[in-house]
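Notes follow the structure.
Number of protein chains: 2
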Amino acid sequence: MADHVETTVRQIMESGAFRQAVATMTAEHDRMVRDIITLTEVEAPSFQEDARARAWLEMARAHGLEDLEMDREGNVTGLRRGIGNGPMICVAAHLDTVFPAGTDLKVRREGTKLFAPGIGDDTRGLAVLLAFLRAMDAAGIRTRADILFVADVGEEGTGDLRGMRHLFQQGRYKDRISAFITVDSPDMNRIVTGGVGSKRYRVTFKGPGGHSYGAFGVVNPMFAMADAIGRLGRVPVPDRPKTTYSASVTGGGTSINSIPNSVWTDFDLRSEAIGALDALEQQFLGIVDAAVAAENEVRSTRNGAIVAEIVKIGDRPAGNTSENHELPRFARAAIEAHGFPTSYEYSSTDANIPMSLGIPAIKIGSGGTGGRQHSLDEWIDVEPDASLRGMAAGLATILAVAGVA
Amino acid sequence: MADHVETTVRQIMESGAFRQAVATMTAEHDRMVRDIITLTEVEAPSFQEDARARAWLEMARAHGLEDLEMDREGNVTGLRRGIGNGPMICVAAHLDTVFPAGTDLKVRREGTKLFAPGIGDDTRGLAVLLAFLRAMDAAGIRTRADILFVADVGEEGTGDLRGMRHLFQQGRYKDRISAFITVDSPDMNRIVTGGVGSKRYRVTFKGPGGHSYGAFGVVNPMFAMADAIGRLGRVPVPDRPKTTYSASVTGGGTSINSIPNSVWTDFDLRSEAIGALDALEQQFLGIVDAAVAAENEVRSTRNGAIVAEIVKIGDRPAGNTSENHELPRFARAAIEAHGFPTSYEYSSTDANIPMSLGIPAIKIGSGGTGGRQHSLDEWIDVEPDASLRGMAAGLATILAVAGVA
Numbered sequence: 010m011a012d013h014v015e016t017t018v019r020q021i022m023e024s025g026a027f028r029q030a031v032a033t034m035t036a037e038h039d040r041m042v043r044d045i046i047t048l049t050e051v052e053a054p055s056f057q058e059d060a061r062a063r064a065w066l067e068m069a070r071a072h073g074l075e076d077l078e079m080d081r082e083g084n085v086t087g088l089r090r091g092i093g094n095g096p097m098i099c100v101a102a103h104l105d106t107v108f109p110a111g112t113d114l115k116v117r118r119e120g121t122k123l124f125a126p127g128i129g130d131d132t133r134g135l136a137v138l139l140a141f142l143r144a145m146d147a148a149g150i151r152t153r154a155d156i157l158f159v160a161d162v163g164e165e166g167t168g169d170l171r172g173m174r175h176l177f178q179q180g181r182y183k184d185r186i187s188a189f190i191t192v193d194s195p196d197m198n199r200i201v202t203g204g205v206g207s208k209r210y211r212v213t214f215k216g217p218g219g220h221s222y223g224a225f226g227v228v229n230p231m232f233a234m235a236d237a238i239g240r241l242g243r244v245p246v247p248d249r250p251k252t253t254y255s256a257s258v259t260g261g262g263t264s265i266n267s268i269p270n271s272v273w274t275d276f277d278l279r280s281e282a283i284g285a286l287d288a289l290e291q292q293f294l295g296i297v298d299a300a301v302a303a304e305n306e307v308r309s310t311r312n313g314a315i316v317a318e319i320v321k322i323g324d325r326p327a328g329n330t331s332e333n334h335e336l337p338r339f340a341r342a343a344i345e346a347h348g349f350p351t352s353y354e355y356s357s358t359d360a361n362i363p364m365s366l367g368i369p370a371i372k373i374g375s376g377g378t379g380g381r382q383h384s385l386d387e388w389i390d391v392e393p394d395a396s397l398r399g400m401a402a403g404l405a406t407i408l409a410v411a412g413v414a
Numbered sequence: 010m011a012d013h014v015e016t017t018v019r020q021i022m023e024s025g026a027f028r029q030a031v032a033t034m035t036a037e038h039d040r041m042v043r044d045i046i047t048l049t050e051v052e053a054p055s056f057q058e059d060a061r062a063r064a065w066l067e068m069a070r071a072h073g074l075e076d077l078e079m080d081r082e083g084n085v086t087g088l089r090r091g092i093g094n095g096p097m098i099c100v101a102a103h104l105d106t107v108f109p110a111g112t113d114l115k116v117r118r119e120g121t122k123l124f125a126p127g128i129g130d131d132t133r134g135l136a137v138l139l140a141f142l143r144a145m146d147a148a149g150i151r152t153r154a155d156i157l158f159v160a161d162v163g164e165e166g167t168g169d170l171r172g173m174r175h176l177f178q179q180g181r182y183k184d185r186i187s188a189f190i191t192v193d194s195p196d197m198n199r200i201v202t203g204g205v206g207s208k209r210y211r212v213t214f215k216g217p218g219g220h221s222y223g224a225f226g227v228v229n230p231m232f233a234m235a236d237a238i239g240r241l242g243r244v245p246v247p248d249r250p251k252t253t254y255s256a257s258v259t260g261g262g263t264s265i266n267s268i269p270n271s272v273w274t275d276f277d278l279r280s281e282a283i284g285a286l287d288a289l290e291q292q293f294l295g296i297v298d299a300a301v302a303a304e305n306e307v308r309s310t311r312n313g314a315i316v317a318e319i320v321k322i323g324d325r326p327a328g329n330t331s332e333n334h335e336l337p338r339f340a341r342a343a344i345e346a347h348g349f350p351t352s353y354e355y356s357s358t359d360a361n362i363p364m365s366l367g368i369p370a371i372k373i374g375s376g377g378t379g380g381r382q383h384s385l386d387e388w389i390d391v392e393p394d395a396s397l398r399g400m401a402a403g404l405a406t407i408l409a410v411a412g413v414a
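Chains as they are written, first to last, in the numbering used here: chain L, 10 to 414; chain X, 10 to 414.
Rendered as structure tokens:
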């Protein structure tokens with residue numbers, strides 16, 4: 010006996026309007042691919058999303074959204090009204106990428122594969138949101154809920170979810186959003202129902218410096234830093250709850266023949282579970298202290314000792330949406346009905362913020378396949394069958410959650 | 010029984026001309042301090058010495074040098090002719106500092122102490138050369154040898170002695186210089202008769218990169234690099250011949266939530282002895298290989314393995330001037346006659362190049378005291394008594410070597 014969730018999804022998928030929406034996405038698939046390429050080549054490092062935000066806003070202008078605008082944090086928001094008196098749901102994709110200004114973003118195409126930094130995470134999602142809007146409009150689909158479409162800032166790294174924090178804590182729609190879906194990265198199989206928590210630190214190791222030959226034997230902050238990184242790399246972490254660490258970005262020193270005054274590294278600690286994350290954080294802070302103490306012990310502090318300046322640069326709340334809630338069940342039913350086996354997973358996404366506030370939230374995929382995210386070799390495959398099947402599954406999820414009038 | 014060296018130095022010091030030269034330096038000490046401050050505040054990182062070179066050239070213009078000019082490498086050279094048919098000796102100070110463009114170079118004064126990056130190494134030397142010229146001119150001193158005065162580029166770090174290589178291997182005075190004295194840093198006690206050899210490497214550790222959470226468990230080049238730095242820090246090196254190492258400058262990585270594709274560190278290896286340096290170099294190269302192999306062993310290489318790209322960025326020849334040669338003996342006699350106990354030492358200075366070519370060469374001090382070279386806290390003390398006593402010792406050395414007509 011089919012339950013309410015499966016019945017709702019089946020009814021949507023069997024409707025003429027949905028078939029027409031899918032036909033529109035199919036007919037316009039090349040246009041969507043062009044949108045992906047256009048947006049990918051507009052750089053958008055976290056905190057510098059402005060150019061891409063404006064590009065997306067201009068593209069969205071023809072899509073009949075109400076109150077299409079950039080908010081004070083830099084998110085672009087626009088409302089697709091429902092039939093009235095319904096709830097508001099939010100569908101988002103993020104503007105920013107992990108790649109710094111100046112990265113070569115030129116898209117390279119090999120058959121149906123497209124290569125460029127950020128192309129899958131999450132530039133494809135931005136283009137898919139526009140395709141959803143055109144498909145709904147072409148099919149004349151009206152929903153019960155208002156749907157707030159958002160192209161948001163600060164999802165990656167040091168952005169620290171600033172776009173979502175603003176939307177849910179200060180923006181004009183705060184306290185009105187009853188469900189949240191972020192369309193982020195191609196993979197349809199993984200439905201994210203849990204928000205991985207993270208703590209990020211910049212640790213600057215400072216010392217007296219000096220001439221590399223003349224002052225040889227005095228403490229060198231590079232050795233303390235290397236020791237801290239090495240110790241972290243040997244920390245055992247559980248597979249479940251998945252708990253991870255990385256030493257990610259580094260810099261410092263002035264010249265080849267100077268013992269540096271100051272070197273720094275950015276560290277990323279994550280876990281599905283608050284408890285495991287807190288434990289790793291304590292271990293990490295202990296490691297930094299131990300590495301500093303060891304360097305001060307093994308070399309001379311006659312000109313001064315090594316000290317570590319520890320600055321927390323990111324703190325993302327963990328959270329989760331019950332797997333019994335309608336929201337992930339609608340997503341699973343719609344996505345599996347399109348032929349994708351699914352699993353519920355934990356990750357760190359825009360959904361962390363609503364989850365941490367008790368608002369049901371999930372991440373679903375944008376369709377197609379892809380890989381090597383956050384590396385310069387990032388790629389997606391826009392082979393139309395898999396791409397469109399994923400998009401149809403995403404649209405069915407949104408319509409099931411919003412309700413079709 | 011006084012030998013020829015001591016007799017020569019005594020005769021110079023007792024001469025009326027020398028006393029008049031010292032009186033001129035004394036009368037103009039404040040002017041020399043102003044020159045130090047002026048030159049210190051003109052930035053001159055290695056490879057970017059041009060502004061300071063032009064400033065020194067303008068200051069030198071009133072000092073009656075022949076053929077005052079900037080050579081193709083950026084050295085400023087000017088000849089003070091001797092009485093003719095004599096040899097040519099060279100007296101140098103270096104223009105460049107270890108501090109990158111943008112470093113705050115404003116000189117801070119506390120009593121007779123002056124604080125600023127590069128002020129002692131070797132900006133004071135540049136001003137002292139001008140003071141020597143004015144003192145000789147005022148006293149009407151003529152020398153048997155021609156004296157080539159040089160403010161040279163590329164003494165520090167990655168400059169790799171490029172100024173000296175040009176002067177001795179390609180410049181218009183090559184094959185004509187029979188003795189070389191560099192006036193570098195305040196300390197009068199240490200006469201450098203040996204050139205410390207050095208090998209410098211930039212090692213870039215590359216890997217597949219990936220998402221810090223999603224790809225956790227794959228190899229991270231930061232761990233390989235930290236391991237290499239850590240292993241180097243544990244290498245025992247002999248006190249004699251003094252042999253040293255430093256991890257000096259580092260960088261790399263793109264974002265806090267990415268396992269980096271690429272990180273790098275600059276390493277400095279030095280020794281008084283070629284054999285010990287070669288041994289340390291082989292050990293270092295083995296360490297890099299071992300650290301890369303260890304990371305590839307302990308984490309997954311499913312997306313690719315760590316590799317190290319090893320680039321030699323500096324290679325300074327070792328060399329030395331026999332302590333029996335007149336040149337260091339003149340320096341020792343002149344400096345000790347001014348009340349400074351001396352020792353012969355090894356260092357890495359501009360003198361390495363002539364030493365490696367078999368040309369007698371030494372480094373002497375510029376007078377006064379100072380400390381914390383190559384750190385942002387660098388200082389000198391220009392208290393006139395000690396400052397002038399050192400300068401007089403330096404001038405006596407030069408006159409003894411050049412011969413007074």
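Quick reminder that beta carbons are idealized off the backbone N, C-alpha and C, glycines included.
Nothing here was measured: the structure is a model prediction, and the numbers come from that model.
TODO: Determine the extent of the beta strand (DSSP E) in which residue 150 of chain L is found, giving its start and end residues.
DONE: Note, residue 150 of chain L: premise wrong, no beta strand (DSSP E); not H, not E.
TODO: Taking the CB atoms as reference points, tell me whether residue 261 of chain X and residue 172 of chain X lie closer together than 8 angstroms.
DONE: Taking 8 angstroms as the Cβ cut-off, residue 261 of chain X and residue 172 of chain X do not qualify as a contacting pair.
- [ ] Go ahead and label residue 324 of chain X buried or exposed: buried means 16 or more other beta carbons lie within 10 angstroms of its beta carbon, across all protein chains shown.
- [x] Exposed, because fewer than 16 other Cβ atoms sit within 10 Å of the Cβ of residue 324 of chain X.
Task: Any C-beta of chain X under 8 angstroms from that of residue 337 of chain L - done: By this cut-off, residue 337 of chain L is not an interface position.
Open item on the list: Below 9 angstroms on C-beta distance, what does residue 383 of chain L contact in chain C?
Closed with: Absence of chain C from the displayed structure is noted, the protein chains being L and X.
Open item on the list: Any beta carbon from chain X within less than 8 angstroms of residue 341 of chain L's own beta carbon?
Closed with: No, because no Cβ of chain X sits closer than 8 angstroms to the Cβ of residue 341 of chain L.
TODO: Taking all protein chains shown into account, decide if residue 92 of chain X is buried (16 or more other Cβ within 10 angstroms of its Cβ) or exposed.
DONE: When all chains shown are included, residue 92 of chain X counts as exposed.
Open item on the list: Quick check on residue 231 of chain L - is its C-beta less than 8 angstroms from some C-beta in chain X?
Closed with: Interface flag for residue 231 of chain L against chain X is set, since a Cβ pair is found closer than 8 angstroms.
TODO: Could you have a look at residue 380 of chain X and say whether DSSP puts it in helix, strand or coil?
DONE: In the three-state reduction of the DSSP assignment, residue 380 of chain X falls in the strand class, which pools E and B.
Task: Exposure of residue 61 of chain L, with buried meaning 16 or more beta-carbon neighbours within 10 Å - done: For residue 61 of chain L, the number of other beta carbons within 10 angstroms of its own is at least 16, and it is reported as buried.
Task: Counterpart residues of residue 130 of chain L in DSSP-defined beta bridges - done: Answer is none; residue 130 of chain L lacks a bridge partner.
TODO: Compare the C-beta of residue 253 of chain L against all C-beta atoms of chain X and say whether one is closer than 8 angstroms.
DONE: With 8 angstroms as the cut-off, residue 253 of chain L counts as an interface residue toward chain X.
Open item on the list: Helix, strand or coil for residue 10 of chain L? Go by DSSP, reduced to three states.
Closed with: Because the pLDDT at residue 10 of chain L is just 45, under 50, the model does not fix this residue reliably, and the value given afterwards should be weighed accordingly. The answer is coil: DSSP assigns residue 10 of chain L none of H, G, I, E or B.
Task: Exposure of residue 372 of chain X, with buried meaning 16 or more beta-carbon neighbours within 10 Å - done: Buried is the call here.
TODO: Could you work out which residue in X:206, X:263, X:40 is closest to residue 258 of chain L when comparing CA atoms only?
DONE: Ranked by Cα distance from residue 258 of chain L, the options X:206, X:263, X:40 are led by X:263.
Open item on the list: Check whether chain L comes within 8 angstroms of residue 167 of chain X, counting only Cβ atoms and requiring the distance to be less than that.
Closed with: It does; some Cβ of chain L falls within 8 angstroms.
TODO: List the endpoints of the continuous alpha helix (DSSP H) containing residue 192 of chain L.
DONE: Careful: residue 192 of chain L lies outside any alpha helix (DSSP H), inside the beta strand (DSSP E) at 186 to 192.
Open item on the list: So, for residue 232 of chain L: in the same chain, excluding its five sequence neighbours on each side, which residues have a beta-carbon less than 6 angstroms away from its beta-carbon?
Closed with: Same-chain partners within the cutoff: 304.
TODO: Kindly list the residues whose CB is nearer than 6 angstroms to the CB of residue 10 of chain L, restricted to its own chain and excluding five residues on each side of it in sequence; keep chain order.
DONE: In this prediction, residue 10 of chain L scores a pLDDT of 45, lower than 50, which makes its location untrustworthy; the coordinate-derived value is nonetheless stated afterwards. Taken in chain order, the list of residues that qualify is empty.
Open item on the list: As an exercise, report each continuous alpha helix (DSSP H) stretch of at least 4 residues that is fully enclosed by the region 16 to 104 of chain X, in chain order.
Closed with: Qualifying alpha helix (DSSP H) stretches, in chain order: 25 to 36, 38 to 49, 59 to 69.
- [ ] Give a yes or no on whether the minimum CB-CB distance between residue 214 of chain X and chain L is below 8 angstroms.
- [x] Not an interface residue.
Open item on the list: According to DSSP, simplified to helix, strand and coil, what is residue 260 of chain X?
Closed with: Here residue 260 of chain X sits in strand by DSSP.
- [ ] Please classify residue 32 of chain X: is it buried, with 16 or more other beta-carbons within 10 angstroms of its beta-carbon, or exposed?
- [x] It is exposed - the Cβ of residue 32 of chain X has fewer than 16 other Cβ atoms within 10 Å.
Task: Residues that DSSP places opposite residue 318 of chain L in a beta bridge - done: Beta-bridge partners of residue 318 of chain L (DSSP): L:213.
Task: the region 46 to 65 of chain X touching the region 99 to 111 of chain X, judged by at least three CB pairs closer than 8 angstroms - done: The count of Cβ pairs closer than 8 angstroms, one atom from the region 46 to 65 of chain X and one from the region 99 to 111 of chain X, reaches three, so the stretches are in contact.
Open item on the list: Residues of chain X with CB closer than 7 angstroms to the CB of residue 259 of chain L, please, in chain order.
Closed with: Per Cβ cutoff of 7 angstroms: 231, 259, 260, 261, 262, 272.
Open item on the list: For a cutoff of 8 angstroms on Cβ pairs, would you count residue 107 of chain L as touching chain X?
Closed with: Yes - at least one Cβ of chain X is within 8 angstroms of the one on residue 107 of chain L.
Open item on the list: So within the region 346 to 397 of chain L, which uninterrupted beta strand (DSSP E) runs reach at least 3 residues, ignoring any that extend past its ends?
Closed with: Here the runs fully enclosed are 352 to 356, 370 to 373, 378 to 380, 388 to 390.
Open item on the list: Suppose you measure from the CA of residue 404 of chain X to the CA of residue 362 of chain X; what does that come to, to the nearest Å?
Closed with: Those two C-alpha atoms are separated by around 23 angstroms.
- [ ] Report, in whole angstroms, the separation of the C-beta atoms of residue 410 of chain X and residue 190 of chain X, which I expect to be a contact under 8 angstroms.
- [x] A Cβ-Cβ distance of about 7 angstroms is found for the pair residue 410 of chain X and residue 190 of chain X, placing them in contact under the 8 angstroms criterion.
TODO: Please name the residue, chosen from L:88, L:315, L:99, L:187, that lies closest to residue 299 of chain L on a Cα-to-Cα basis.
DONE: That would be L:315, whose Cα lies nearest to the Cα of residue 299 of chain L.
Open item on the list: I need the straight-line Cα distance from residue 396 of chain X to residue 95 of chain X, nearest angstrom please.
Closed with: When only Cα atoms are considered, residue 396 of chain X and residue 95 of chain X end up about 31 angstroms apart.
- [ ] With DSSP as the reference, label residue 413 of chain X as helix, strand or coil.
- [x] Of the three classes helix, strand and coil, the one that applies to residue 413 of chain X here is strand, per DSSP.
Open item on the list: Please return the same chain residues whose Cβ sits closer than 6 angstroms to the Cβ of residue 76 of chain L, not counting the five positions on each side in sequence.
Closed with: For residue 76 of chain L, where only same-chain residues beyond five positions count, the Cβ hits under 6 angstroms are 88.
Task: Start-to-end residues for the alpha helix (DSSP H) that takes in residue 236 of chain X - done: It spans 230 to 242 - the alpha helix (DSSP H) in which residue 236 of chain X sits, taken as one unbroken run.
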